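First the structure, in the form of structure tokens, and then the observations on it.
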Amino acid sequence: MKNRLVVMILTAATVSSLMACGGGDGDAASGGAEGTGVSITIFNSKSEVQGQFEEMAEEYSAKTGVNVEVYYSNDTVAAHLATRYSANDPYTLAMVDAKDIYSLAEDYASDLSDQEWVDKTDYEISVNDKVVGFPVCVEARGVIYNADAIEAVTGETFVPEDYTTLDAFEGLLEKLAAGGMEAPAGIMKEDWSLAAHYLAETYEQQSDVEGFISDLYAGSADLAGNEKWNSMMDTFDVLMKYNYAASSPVAAEREVTEQKLAEGDIAFMFGGNWDWSVISEYDYTENMGMMPVPQNTNDGTNGKLVGGGSKYFFIDSSDNTSEEQRQAAKDFLNWLVQDGEGNQFLTEKCNLVPAYTNISAAALDPLSVSVKKYADGNLLIDNYNYLPDDHLSVCGAFMQEYLAGKTDRTALAEKVAQYWMAATPIEH
Amino acid sequence: MKTNTFSYKCRLYLMFAGVSTAVFAAVVIIPFIYGLYLTFTSWDGVSKQKPFVALQNYMATFADTAYWQALGRTMIYSVIAVILVNVVAFILAYMVTSGVKGQNFFRAGFFIPNLIGGIVLGYIWKFVFNRAFVALGESFSIGFLSTSWLATTNGAMLCLIIVSVWQYAGYMMLIYVAGFMSVSSDVLEAASIDGCTDVQTIWYISVPLMVSSFVQCLFLTITRCFMVYDVNLSLTNGEPFNSSVMGAMHVYNQAFTYKNYGTGQAEALILFIICAVVGVLQVYVGKKAEVSA
Amino acid sequence: MDENTKAAQNKKVRHVIKMIILILLFACFIFPFVLVVINVFKVKADITSNPLALIGSHGFTLKNFPEAMKKMNFWRAFGNSALITVTSTILTILFASMTAYVIVRNKWKATGALFGMMIASMVIPFQVLMIPLVSLYGGVFGLLNHRATLIFMHVGFSLSMATFMFHGAIHTNVPLSLEEAAIIDGCTRWQTYWKIVFPLLKPTIATVAIIDAMAFWNDYLLPSLVLARKELYTIPIATQVFYGTYSTDIGLVMAALLLAMLPILILYVFLQRYIVEGVTSGAVK
């Protein structure tokens, strides 16, 4: 019977050792009150501002007594939140993409319709007539230019408004190439850039977006013969022709492309104002900006960027979050919009283009300045937020094939059309 | 004490394997069964509703051509990688047990790749393939290095295989080293006195005595290659043109990115069954050989 | 020249060839680390534009290290990682070797079934268990955000493979006659195991210790699911912010990699000696 004793001792030792090292962190899980204040957790999905958010959280906690912790995950936003909800351990406040709101809102998002900031923005998201998504910023897509690099070759001041047509743009590229900048353009090969940003513009610039998309689902849209499709692809062909990485376009790394753009080795790249966070890591020039994708068209789309509200906060509505925590989260959102320090955090610290009319933004980065200019001039074409979940990955691969010269435009149109006919529509 | 009564056996089992069985069941078996149940629902991974849909996910799996392509690709990758990993590991193990100077140093060196996690490792190699090799190729004008291998379908596959060999060879070497060292030196001496060459000694003496090392290494490499995910994600992320998406990555995307959790889970289950059949068959055959050796 | 010197010369030549091959292979294996060491002392702009240069145009910098350490809260993460790795490894070795022993020495239906399930479980893709695991342990039991839960799961997941390795070792390296002698001398099974079998397993213990310690130290997915609070972060979770979804700060990744690698490298060098010693002392059998 000595044996059994030994086993029991061993088991007890194991259990107690487990208990021992588990002790002390038990309270952390409850997310409850700390001292007199409330604790809230924020999930941030913009990795480039994680540092700023953490700093802000510390200051905010010290000032208000509400303990704020900011988290980031490099997992897919949807997957990460799925695990947190499965674990009954959601974030009080989570920053997600627009399409995530639609899948999460019904079960997990609090009604924010009565909040003051709702009247100060055009970009909030509503589901079932309730406001649930707090827009964090405005972001837009277009062609990023490095004016210094262009002027160094041409010797003239670069006026982006002169190059809204593809003919003019191609003329400039030719001039740059002849002037010594052999390949003045860069194309990001990442599927999100190709499919979710560039290809998406061919839908978003249609005169009737919803109608066009339902035609795509039904298989009745003639993509290959569509004017906008061809106009966008014409521009893409020109970018491909002058791509610095033309010999191996799908090997172009984002970091390298952005460095070349920042330092003036290339002059143009299709992208968005979020690219500044990468560009600013290099020896950049301030003399940069964004312009619409040049196209030979007269429908006005070549005078507009595509974009709008981007990244949305929602407040958890499940039982895992207490009323006090929800209130603290609402206070925090209000602080961002109504308080001078909150405004400053958004615009100056994080370099985000504000989505609220009452926030002035004086100290933005050059790309955001462009975006703000277009946004203020009402020159933004809306994002289409309901692309099917696999659009990015599947059509991204098709676009990469095209970029690598493995398919022609007709075949690409055919593949994209086929994709849409098999895709599952997103309810909205 | 009687040793063949049921209660004695029970006590013996519980004494040695009781805790293990409990922990194993709690962490692996029960979640697995719950996961199995989820394959019969059309859950999207996050909503509160988990509607029961019977076999619909399995039908979707059979209709998902991208999945079967990914599986086929995983097979090709696994066969090549498993062979190369084991050949390289065996050669390494032989060399570092043959009494060369500094063999401990070499052993440590070959093992180093295992000291870092798969995700970081993928990023480092991506850096090597995309930047370092290209920079080397450009400065010495070596044609095949001057464009990144990761940009072509076959190149991406090659890169994955290279990284797998680099990552696992040192690990498997460790097991083969233990195998080589368990072959008693008397036998080897006898063989050498009888005039066997090195190759003959390895082939006729060491290899048969090392069957259990082979079984272990093959099983480990087969299962790891089949389940490759981390390196796939950080090295190629499926690019170019989704042509390097392996089974596990497709399953992950299906479940979480495309939000078809049930289908993803069903596809993962099929991946698991294929891998289990191959792996267990290999162990079974190996263990047979072990007995006869 | 007589036969002996010729043979000796032959041997020497072969030795040199082996050495050359080894050094070449070694260079291949170590190449990425050389690159890491070269680039970790550069700023990001230089890493991107000239990865092979020893010193970039912005000069030599040490800033990647303190920056990485600060951003990941290195010492706290290190403490968590160390506690979790050490405890999990010890428990795994104890339980797995005992389990393997009972499986090898008793051909019962129960042991066979357990071993079969363990082997099969080694090929379960972790993604299959991920959501059920958090649903159960978080959703039902509310046990997440404890280091103990992670240790428990680490042990559960690594038991299969460790048992598998001990199974092979006991099967081939532990002579049954020794055990029988001990039993005749009046030892119980339990005593026999600890006095005779366990000491003979030293090389395998060292191997399993390295392999599991490494796996625990580097594991990302499981800890990221179980430990969702900053104060519990392990090193791999703490470094994730360096490789964002869209952009990678490779300088910080490299610094973090070197910082995380050192402790485990030291453990390896220490245990490696042990493997050799263990094998030679066990060879007396």
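Protein chains in written order, with this note's numbering: chain A, 3 to 430; chain B, 76 to 368; chain C, 627 to 911. Every residue gets a Cβ at the ideal spot worked out from N, C-alpha and C, and that includes glycine. None of the values given here were measured: they were computed from a predicted structure.
At a cut-off of 8 Å, the C-beta of SER803 of chain C has no neighbouring C-beta in chain B. Here DSSP, grouped into helix, strand and coil, assigns SER312 of chain A to strand. With its beta carbon less than 8 Å from one in chain A, ASN317 of chain B belongs to the interface. In the three-state scheme derived from DSSP, where H, G and I count as helix and E and B as strand, SER41 of chain A is classed as strand. Neighbours of ILE890 of chain C across chain B, judged by C-beta separation under 7 Å: LEU190. Going by C-alpha positions, ASN799 of chain C is about 41 Å away from ALA145 of chain B.
For LEU174 of chain A, the CB contacts under 7 Å within the same chain, skipping 5 residues up- and downstream, are TYR165 in chain order. Proximity of chain C to THR85 of chain A at the Cβ level (cut-off 8 Å) is accounted for by MET756, ILE757, VAL760 and LEU851, in chain order.
Straight across, the Cα-Cα distance linking ASP99 of chain A with SER47 of chain A is about 8 Å.
With its beta carbon at least 8 Å from every one in chain A, VAL203 of chain B lies outside the interface. Judged by DSSP secondary structure, PHE270 of chain A falls within the beta strand (DSSP E) whose first and last residues are 270 to 274.
As computed with DSSP, PRO137 of chain A is found in a beta bridge with A:TYR314.
Residue environment for GLU50 of chain A: buried (at least 16 other C-beta atoms within 10 angstroms of its C-beta).
Below 8 Å, enough C-beta pairs join the region 295 to 315 of chain A and the region 376 to 385 of chain A to call them touching: three or more.
Only buried fits LYS668 of chain C, as 16 or more other CB atoms lie within 10 angstroms of its CB.
TYR819 of chain C places its beta carbon 8 Å or farther from that of TYR763 of chain C.
Within the region 673 to 696 of chain C, contact with chain A at the beta-carbon level (separation under 7 Å) is assigned to THR674 and SER675. Straight-line spacing of the CA atoms in SER267 of chain B and GLY184 of chain B works out to 30 Å. For a Cβ distance threshold of 9 Å, residue set ARG855 and LYS856 of chain C lies close to GLU71 of chain A, ordered along the chain. DSSP lists A:GLY274 and A:VAL308 as the beta-bridge partner residues of ARG143 of chain A.
Among the residues of chain A, those whose CB is under 7 Å from the CB of LYS670 of chain C are GLU283, following chain order.
For TYR88 of chain B, no CB of chain A lies under 8 Å from its own CB, so it is not counted at the interface with that chain. An exposed status is given to LYS821 of chain C, since fewer than 16 other beta-carbon atoms sit within 10 Å of its beta-carbon. Listed in chain order, the alpha helix (DSSP H) runs fully inside the region 159 to 242 of chain A are 168 to 180, 202 to 206 and 211 to 220, counting runs of at least 4 residues. Residue state for ALA854 of chain C is assigned as coil, using DSSP reduced to three classes.
Here HIS430 of chain A is exposed, its C-beta having fewer than 16 other C-beta atoms within 10 Å. GLN340 of chain A and THR349 of chain A have their C-alpha atoms some 13 Å from each other. Distance from the Cα of ALA722 of chain C is smallest, within the candidate group C:SER747, C:THR789 and C:LYS670, for C:THR789. Taken residue by residue, none of the region 193 to 206 of chain A has a beta-carbon sitting less than 7 Å from a beta-carbon on chain C.
For the alpha helix (DSSP H) assignment, the uninterrupted runs of no fewer than 4 residues enclosed by the region 265 to 331 of chain B are, from N- to C-terminal side, 286 to 301 and 322 to 327.
Of all residues in the region 103 to 135 of chain A, those with a C-beta nearer than 9 Å to a C-beta of chain B are SER105, LEU106, GLU108, ASP109 and TYR110, reading in chain order.
Sixteen is the threshold: since fewer than 16 other Cβ atoms of the shown chains lie within 10 Å of the Cβ of ASP239 of chain A, the residue is exposed. Identification of chain B residues near GLN261 of chain A by a Cβ-Cβ cut-off of 7 Å yields none; the smallest Cβ-Cβ distance measures about 11 Å. With a cut-off of 8 Å on Cβ pairs, the region 214 to 228 of chain B is not in contact with the region 335 to 355 of chain B, counting fewer than three such pairs. Think of a sphere of 8 Å around the beta carbon of SER287 of chain B: the chain C residues whose beta carbon falls inside it are GLY794, HIS797 and THR798, in chain order. Under the DSSP definition of a beta bridge, MET292 of chain A partners with A:ILE146.
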